[in-house]
Amino acid sequence: MPLFNEDTIAAFATAPSSGAVALLRVSGPKSSQAISCLTKKETFTPRQSVLVNIYDGSQTLDKALVVFFKGPKSYSGEDLFEISLHASPYIKSRILELLAALGVRPAKAGEFTMRAFLNGKMDLAQAQGVADIIASKNKTAHKAAMYTLDGKLSQKFKNIRQELGDLLAQMEVRLDDTDEELPPLNNAEVEPLLRKIRQEVDLLAASFSTGKMVKEGIKTAIIGLPNSGKSSLLNALLGYDRAIVSPLSGTTRDTIEAQISINDFNLLLTDTAGIREHSLDPAEVEGMRRSRQAVENADLVIFVKDAALALEKAAAQTSQILLEEVSKTGKKIITVLNKADLLDEKQKTQAANGDILVSSKTGFGLDLLKDKITQTIGLGALQEDDILITSAVHYEALLKASGELQDAIRVIDELELSAEHIRAALAALKDLIGETTPEDILDIVFSKFCVGK
Amino acid sequence: MFINDKVFDVIVIGGGHAGCEAALASARLGASTLLITQNLDTIAQMSCNPSIGGIAKGQIVREIDALGGAMGKITDIAAVHYHMLNTGKGEAVWSPRAQCDKKIYQLTYKKFLENQPNLHLVQDEVKAILTGGGKVEGVETLRQAKYRSKTIVLTPGTFMNGRVFIGALTFDGGRYNDMPSNFLTDSLKKLAIKTARLKTGTPMRLNGKTIDFSKFTPQPSDEPYQPMSIFSAPVKKDFLQCYITKTTAKTAEVLQEHIKESALYSGNITAIGPRYCPSIEDKAVKFPQNKNHPIFLEPEGFDTQEYYIQGFSTSLPEYVQYKLLKSVPGLEEAEIVRPGYAIEYDYADPTCLNAALEVKTMPGLFFAGQINGTTGYEEAGGQGIVAGINAALKVQGKPPFILRRDEAYIGVLIDDLVNKGVNEPYRMFTSRAEYRLILRSDNADLRLSKYGFEYNQIPKEFKTAFENYQAAVAALIKNPEAKIDAATLLPWRLEAAKNTAKIHRKYAGYLERNLKDARALANADKISIPEGFDPSLVKGILIETSQKLAKVKPLTLGQASRIPGITPADIQLIAVNIEKYRKAQNESKN
Chain A
0 MPLFNEDTIA
10 AFATAPSSGA
20 VALLRVSGPK
30 SSQAISCLTK
40 KETFTPRQSV
50 LVNIYDGSQT
60 LDKALVVFFK
70 GPKSYSGEDL
80 FEISLHASPY
90 IKSRILELLA
100 ALGVRPAKAG
110 EFTMRAFLNG
120 KMDLAQAQGV
130 ADIIASKNKT
140 AHKAAMYTLD
150 GKLSQKFKNI
160 RQELGDLLAQ
170 MEVRLDDTDE
180 ELPPLNNAEV
190 EPLLRKIRQE
200 VDLLAASFST
210 GKMVKEGIKT
220 AIIGLPNSGK
230 SSLLNALLGY
240 DRAIVSPLSG
250 TTRDTIEAQI
260 SINDFNLLLT
270 DTAGIREHSL
280 DPAEVEGMRR
290 SRQAVENADL
300 VIFVKDAALA
310 LEKAAAQTSQ
320 ILLEEVSKTG
330 KKIITVLNKA
340 DLLDEKQKTQ
350 AANGDILVSS
360 KTGFGLDLLK
370 DKITQTIGLG
380 ALQEDDILIT
390 SAVHYEALLK
400 ASGELQDAIR
410 VIDELELSAE
420 HIRAALAALK
430 DLIGETTPED
440 ILDIVFSKFC
450 VGK
Chain B
0 MFINDKVFDV
10 IVIGGGHAGC
20 EAALASARLG
30 ASTLLITQNL
40 DTIAQMSCNP
50 SIGGIAKGQI
60 VREIDALGGA
70 MGKITDIAAV
80 HYHMLNTGKG
90 EAVWSPRAQC
100 DKKIYQLTYK
110 KFLENQPNLH
120 LVQDEVKAIL
130 TGGGKVEGVE
140 TLRQAKYRSK
150 TIVLTPGTFM
160 NGRVFIGALT
170 FDGGRYNDMP
180 SNFLTDSLKK
190 LAIKTARLKT
200 GTPMRLNGKT
210 IDFSKFTPQP
220 SDEPYQPMSI
230 FSAPVKKDFL
240 QCYITKTTAK
250 TAEVLQEHIK
260 ESALYSGNIT
270 AIGPRYCPSI
280 EDKAVKFPQN
290 KNHPIFLEPE
300 GFDTQEYYIQ
310 GFSTSLPEYV
320 QYKLLKSVPG
330 LEEAEIVRPG
340 YAIEYDYADP
350 TCLNAALEVK
360 TMPGLFFAGQ
370 INGTTGYEEA
380 GGQGIVAGIN
390 AALKVQGKPP
400 FILRRDEAYI
410 GVLIDDLVNK
420 GVNEPYRMFT
430 SRAEYRLILR
440 SDNADLRLSK
450 YGFEYNQIPK
460 EFKTAFENYQ
470 AAVAALIKNP
480 EAKIDAATLL
490 PWRLEAAKNT
500 AKIHRKYAGY
510 LERNLKDARA
520 LANADKISIP
530 EGFDPSLVKG
540 ILIETSQKLA
550 KVKPLTLGQA
560 SRIPGITPAD
570 IQLIAVNIEK
580 YRKAQNESKN
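In structure tokens form, the structure reads like this:
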């Protein structure tokens, strides 16, 4: 019954890939508590926007503008927070992870607006509009049943469902054993099994960050001083002239996006205008602003230096200043020394200094760069058989199930309580593994146990 | 022709465990009630086990008792043996059970019925339900008598086109030696109610003089014991013992050899039986590796030598039944006084009912018990009291009495029946209840007695004591040492209050979680689906969903959400459209 419960929910009000700012709404009884935890700020005055840090443990995840709306005077009619974040995929997915850990689950399709409607915050015409959207989404959702999921992932879910279902049946048959004839469960066998299942659930949950990147692509910004060879590097990575590359989204004046596959991962490359320290040309200033934006949005930054200038002190210094500026964003950075073909062997050793030497012209160093990209983003260890979670809803469900399984182990000696947690774990995983009804459990009971008078 | 001009408020057809509770309930609510049964001497007959209660069933008996019903009180009068089940597990799943003296049970029940004001009894067989103008008008009997009524509660048990099977032998019967009811199914078909066949069975009864009890493990009655009913005090009685043993490899051999002669495996019986009550031949076929199945000997009463042989339900020929007994140590010389048999009967698809147990297409007609596809005295009794109260409420023009899934096993039972239907005889299990830790045997009164008072099922003079009891439990949850005057609680007992408070403290976190989920359910159940609004026509829902909604016709949004396959998104759509419909209605009124 996700509709009428007392859960606190979160959802982005802005479209997935629009603009520089993402608006996150958090609604429900636990919202104040959760936002206080995230911002380390105890109270918020209603309807006052404040700039606060969003913390990921001791680290700052983002600076965000937060407005608190006290229920019922809010969009949903409940206590509600609007948080304006930088629209980086990492920040957006990470904040949902952090919220999930605080008991705030991602909202389901239409759920947010539904609350607004049920709390009388929306008139019927609006609600009907929402209903139409739900209706169209509903049909898609019906089609996207679990068997349409990726084969391996679906198999994994089926295994978890079967193991948990069988275990629950073992418990239920004993709770319902009127003849009192069945021997008690052997906890020395049940506990390791529960731990194993929990480990599988945890592994799936841990794959979320990576999975999201795999699904949406690794946003990579190519940054550097003007004329450092960024565009030629883009072309070299693509393996063909970018002029024939179809741009992904509206080509801005001076940033170009292209998609390539590196070691089986999708890279969304953004080639940017060069950034210099001072410029009076308004067009160039705007171009630089967009370059900085590309950095903000990126999962990964490839910082390009010009090998020909690397040994020139002044140019190297300018480049270093820019690199430091980029470093402050906390992004993962790979520094590349381009135009390596202009250097002799001695100069190469001298100039490299930990940078990756590349020649866009000859193709030298490109394979090394590609490996470095996957390695830096943390995908280097990814095996062909790895199973990745790509949906925040699934991630939250796995976290909840893991907690329930932990509790099931904790109270393993009290059968009726342990069973409650297994039931809750199965319920949490409903969207992933399908619903497990009492009838399903009874089917297992009667196929495996000779019980009854 | 009509016997007289009297128009009964309620006519109950059938005097089994459902019919008896129904008749008492409607009469207590002030409705003039007529109970028609084929045979007044088989009122509340225990056709199978001589026992009441068991896991999940014991909770139902306590619930019937908390609502003011008779089953628990009569059990306490007739009990020959008490046993609290599941005491090896947490208190939340303890379940009471009592073996009963079959004859005392019947006679006591008959006395209850006879002494009930507003209740009339007549021995006859109803052959047709009379309707007119889209509602019920009365019944017609085999003796060609007609009785007028505003409502009818139909509780025919296994009697509709009942057929008995013993090996190759088969004959008509609602129970062994009782005539079936061969006309009612046709009467229902005329009302476009869908019926189908189900099967159940019972083991042989043995003469105790021919059993060697020394070969069995005795199971003495609990000492001390907990009565089934709040209104019964524990008494000193010479309780009887039950006995337990196991079948042998030899039993398995006999079954192997004669399996083809079983009515179940010869093709004679095609209907589905309850998986929880498999026949011994079923057990042999489905679990061949398991050679030792438990066998329980249960006494049928104080004044009889008959024993019920639990675990030996069978439809094998009588001579094979003897061979089976020879394979069990202690039963080698046992004499069969009544053979085991299987029985096939008609039931009505319970999705034709609303949650008040009323036929959706025939206002005033209520079904309870095995006709709805259930098995068990307790399941029948629970439906009976709800149907009886609802029939009386209908006459009085009051809203129906509907128990939620978080309030009672009876609520789970009825909700499952009317929303999901059945494909085998439905027996209650605790695994069917999502709120198992709330639906306990110790707190049935705290959950349900408010309804018992509201619907005049419990005499008003107990009201103060009950309120004191509620207060006592609340006080003891806060402070186990709270001083309570036990005398102010009677017939509720201080010990029970202390026990419930203890359980509450132990399970506090879990109960809170159950309650939170339950509140969500209750909220969704508060949103009723208006009569003129058809959720199956809502734009945007799938055809399968639409068909399910059209079949079940849910009364509330919560009920709609519990139909298998209905998604939260469907529910959101329906919610919005209900609101739209209401608004349109209001505007057209103004």
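Protein sequence lines correspond, in order, to chains A and B.
Quick note on numbering: numbering that gives the first Met the number 0 labels position 99 of the first sequence as 98, and the sequence is numbered without any gaps.
Quick note on numbering: numbering that gives the first Met the number 0 labels position 327 of the second sequence as 326, and the sequence is numbered without any gaps.
In this text, a Cβ means the ideal position worked out from N, Cα and C, and glycines have one as well.
This one's a predicted model, so the numbers in the text were calculated from it and none came from an experiment.
Would residue i count as contacting chain A if we go by Cβ distances under 8 Å?
i: residue 562/B; result: no
i: residue 413/B; result: no
i: residue 577/B; result: no
i: residue 204/B; result: no
i: residue 292/B; result: yes
i: residue 631/B; result: Given a span of 0 to 589 for chain B in the structure shown, any question on residue 631/B remains unanswerable.
i: residue 596/B; result: Outside the displayed span of chain B (0 to 589) sits residue 596/B, for which this structure offers no information.
i: residue 519/B; result: yes
i: residue 282/B; result: yes
i: residue 274/B; result: yes
i: residue 531/B; result: no
For a contact defined as C-beta to C-beta under 7 Å, what are the partners of residue i on chain B?
i: residue 440/A; result: 430
i: residue 179/A; result: 84
i: residue 192/A; result: Here the premise fails: no neighbours, minimum Cβ distance about 20 Å.
Could one say the Cβ of residue i lies closer than 8 Å to chain B's Cβ atoms, at least one of them?
i: residue 36/A; result: no
i: residue 175/A; result: yes
i: residue 229/A; result: no
i: residue 437/A; result: yes
i: residue 403/A; result: no
i: residue 156/A; result: no
i: residue 107/A; result: yes
i: residue 287/A; result: no
i: residue 413/A; result: yes
i: residue 111/A; result: no
For residue i, which residues in the same chain have their Cβ closer than 6 Å to its Cβ, ignoring the five residues on either side in sequence?
i: residue 82/A; result: 23, 63, 65
i: residue 207/A; result: 388, 394
i: residue 327/A; result: none
Alpha carbon to alpha carbon, what distance is there between residue j and residue i?
i: residue 526/B; j: residue 466/B; result: 30 Å
i: residue 51/B; j: residue 261/B; result: 29 Å
i: residue 404/A; j: residue 197/A; result: 6 Å
i: residue 382/B; j: residue 103/A; result: 41 Å
i: residue 246/B; j: residue 445/A; result: 20 Å
i: residue 204/A; j: residue 579/B; result: 41 Å
i: residue 244/B; j: residue 215/B; result: 6 Å
i: residue 280/B; j: residue 308/B; result: 15 Å
So, is the C-beta of residue i closer than 8 Å to a C-beta in chain E?
i: residue 89/B; result: Of the protein chains in the structure, A and B, none is chain E.
Name the chain A residues whose beta carbon is nearer than 7 Å to that of residue i?
i: residue 515/B; result: 5
Which same chain residues end up closer than 7 Å to residue i when comparing Cβ atoms and leaving out the 5 residues on each side of it in sequence?
i: residue 35/A; result: 41
What residues of chain B sit near residue i, judged by a beta carbon separation below 9 Å?
i: residue 419/A; result: 435, 436, 509, 512, 513
For a contact meaning CB atoms closer than 9 Å, what does residue i contact in chain A?
i: residue 410/B; result: Here the premise fails: no neighbours, minimum Cβ distance about 14 Å.
If I measure Cβ to Cβ from residue i and keep anything under 8 Å in the same chain, skipping five residues before and after, which residues do I get?
i: residue 466/A; result: Here chain A covers residues 0 to 452 and nothing more, so residue 466/A does not appear.
What in chain A is Cβ-close to residue i, meaning under 8 Å?
i: residue 101/B; result: Result: empty, since nearest Cβ-Cβ is about 17 Å, beyond 8 Å.
Touching by the beta-carbon criterion (3+ pairs, under 8 Å), the region 434-443 of chain B and the region 499-513 of chain B: Yes, the region 434-443 of chain B is in contact with the region 499-513 of chain B.
Evaluate contact between the region 436-452 of chain A and the region 121-128 of chain B, counting only Cβ atoms and requiring at least three cross-stretch pairs below 8 Å. Flag = no, the region 436-452 of chain A and the region 121-128 of chain B do not touch.
With a cut-off of 8 Å, do at least 3 Cβ pairs link the region 97-108 of chain A to the region 391-410 of chain A? The region 97-108 of chain A makes contact with the region 391-410 of chain A; the number of CB pairs closer than 8 Å reaches 3 or more.
Within the chosen definition, does the region 146-156 of chain B reach the region 1-17 of chain B through at least 3 CB pairs nearer than 8 Å? Yes: at least three Cβ pairs fall under 8 Å.
Could you check whether the region 104-111 of chain B touches the region 34-50 of chain B, counting it as contact only if at least three pairs of C-beta atoms, one from each stretch, sit closer than 8 Å? Taking a contact to require three or more Cβ pairs closer than 8 Å, the region 104-111 of chain B and the region 34-50 of chain B qualify as touching.
Under 8 Å, with one C-beta from each stretch per pair, do the region 328-348 of chain B and the region 14-22 of chain B reach the 3-pair mark? The region 328-348 of chain B is not in contact with the region 14-22 of chain B.
Taking 8 Å as the cut-off, does the region 71-81 of chain B touch the region 218-226 of chain B (at least 3 CB pairs, one atom from each stretch)? Contact between the region 218-226 of chain B and the region 71-81 of chain B is present, because at least three Cβ pairs lie under 8 Å.
Quick test of the definition: if touching needs 3 or more C-beta pairs under 8 Å, does the region 69-81 of chain A touch the region 359-375 of chain A? The region 69-81 of chain A is not in contact with the region 359-375 of chain A.
Is the region 539-549 of chain B touching the region 564-575 of chain B, taking contact as three or more C-beta pairs under 8 Å? They touch, by the three-pair rule.
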